[in-house]
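Single-structure report; data block below.
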Amino acid sequence: MAGHSKWANIQHRKNRQDAKRSKVFTRVLREIFVAAREGGADPSANPRLRLALDKASEANMAKDTVQKAIARGVGGTEGENFVEIRYEGYGIGGAAVIVDCMTDNRTRTVAEVRHAFSKHGGNLGTDGSVAFQFRHCGQFLFAPGTSEDQVMETAIEAGAEDVLTDDEGGIEVVCAVADFAALRQALDAAGLKAEVAEITMKALNEIELLGEDAQKMQKLLDALENIDDVQQVYTNAIFDERQ
Numbered sequence: 241m242a243g244h245s246k247w248a249n250i251q252h253r254k255n256r257q258d259a260k261r262s263k264v265f266t267r268v269l270r271e272i273f274v275a276a277r278e279g280g281a282d283p284s285a286n287p288r289l290r291l292a293l294d295k296a297s298e299a300n301m302a303k304d305t306v307q308k309a310i311a312r313g314v315g316g317t318e319g320e321n322f323v324e325i326r327y328e329g330y331g332i333g334g335a336a337v338i339v340d341c342m343t344d345n346r347t348r349t350v351a352e353v354r355h356a357f358s359k360h361g362g363n364l365g366t367d368g369s370v371a372f373q374f375r376h377c378g379q380f381l382f383a384p385g386t387s388e389d390q391v392m393e394t395a396i397e398a399g400a401e402d403v404l405t406d407d408e409g410g411i412e413v414v415c416a417v418a419d420f421a422a423l424r425q426a427l428d429a430a431g432l433k434a435e436v437a438e439i440t441m442k443a444l445n446e447i448e449l450l451g452e453d454a455q456k457m458q459k460l461l462d463a464l465e466n467i468d469d470v471q472q473v474y475t476n477a478i479f480d481e482r483q
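Here this note's numbering is used: the first residue of the sequence shown is 241, the next is one more, and so on.
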């Protein structure tokens, strides 16, 4: 099933995030800590921890560092009381933005998120103001040149809900959150390596921003992602590929 071009946009965002190496480490360690605290140290019985460990592996994190984070989570280390908070708002051109945070200081975090929005032309909204424009799901993205027939056959058999191709030849597989782990295992077993494999908030309708608007929106997203307590930023904005 065909879809508009999105490979460049997703890859561009992934590359920008990967460049912030130290923040990737911090965010993954926090995710491991909370996942272990909430669901235990056994990744086979804790899907959230298993996904966090996959991210740690992709980031080439040392095993002892990962194990220490798990131990701290299971042990409920005193002084580490991270809570998860979601903020919603609007960016340039009415583009929707969701900001997922993990913090030990709510007052600090909301102040920093609000400041980033206001400084870069956005507005912090209320709970539920934009969440309805996104779907919580699993997403896999394959580079142009990957066999569409093989991806589609493997994905559909393993429980995928949709397989989309864009104008550049990139392939996107979407699934329910509960089916993510099984689908990832099936794709890996078939030798199909996704460039992006994650649980995400997928925009139901996208807004394309061009020129100066795209640049302003990117600055807003960068400002939000640079906040220490921010784990993930989602938006329905897509950018002019010339940016």
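We put the beta carbon where it would ideally sit given N, CA and C, even for glycine.
Keep in mind it's a predicted model, so treat the numbers as computed, not measured.
CB contact flag (residue i, residue j, <7 Å)
| i | j | result |
| --- | --- | --- |
| I447 | A335 | yes |
| C415 | L423 | yes |
| T405 | I396 | no |
| G362 | L460 | yes |
| A302 | R288 | no |
| E438 | Q379 | yes |
Classification of residue i by the beta-carbon crowding that lies within 10 angstroms, buried from 16 upward
| i | result |
| --- | --- |
| S347 | Note on identity: in this sequence residue 347 is Thr, with Ser being the wrong assignment. The residue in question, T347, is exposed, as its Cβ has fewer than 16 Cβ neighbours within 10 Å. |
| L450 | exposed |
| A311 | exposed |
| D469 | buried |
| G313 | buried |
| Q471 | buried |
| V417 | exposed |
| Q425 | exposed |
| A463 | buried |
Neighbourhood of residue i by C-beta, 8 Å cutoff - its chain only, sequence neighbours within 5 removed
| i | result |
| --- | --- |
| A430 | Q390 and T394 |
| D344 | E320, N321, F322 and V323 |
| I272 | L289, A292, L293, A296, V306, A309, I310 and G313 |
| G368 | E328 |
| N445 | Q373 and N476 |
| G333 | I447, L449, D453, M457 and A477 |
Neighbourhood of residue i by C-beta, 6 Å cutoff - its chain only, sequence neighbours within 5 removed
| i | result |
| --- | --- |
| V337 | G329, G331 and T475 |
| E465 | V473 |
| A443 | F374 and N476 |
| G535 | This structure cannot speak to residue 535, because the chain is shown only from 241 to 483. |
| V413 | F380, A395, A400 and V403 |
When the options are compared against residue i, the one with the closest alpha-carbon
| i | options | result |
| --- | --- | --- |
| R277 | M301, N363, A309 and L464 | A309 |
| E401 | D304, D419 and A302 | D419 |
| L381 | E271, K459 and T440 | T440 |
| R326 | A281, R288 and T349 | T349 |
| V264 | A351, D304, S297 and M392 | S297 |
| C377 | A421, D294 and K359 | A421 |
| T366 | V339, A463 and M392 | V339 |
| V268 | N445, A299, Q458 and D282 | A299 |
| K456 | H360, M392 and G409 | H360 |
Chain B within 7 Å of residue i, Cβ atoms only
| i | result |
| --- | --- |
| D389 | No chain B appears in the structure shown, which is made up of a single protein chain. |
Proximal residues to residue i (C-beta, below 7 Å), its chain only, five neighbours per side dropped
| i | result |
| --- | --- |
| L364 | Y327, G329, V353, R354 and F357 |
| G399 | C415, D419, A422 and L423 |
| A371 | E328 and I338 |
| P283 | L289, R290 and L293 |
| M342 | R270, V274, F322, E324, D469 and Q471 |
| H244 | Bear in mind that a pLDDT of 47 at H244, under 50, signals an unreliable position, so the model cannot answer this. |
At least three beta-carbon pairs within less than 8 Å, the stretch 378-388 to the stretch 432-449: yes
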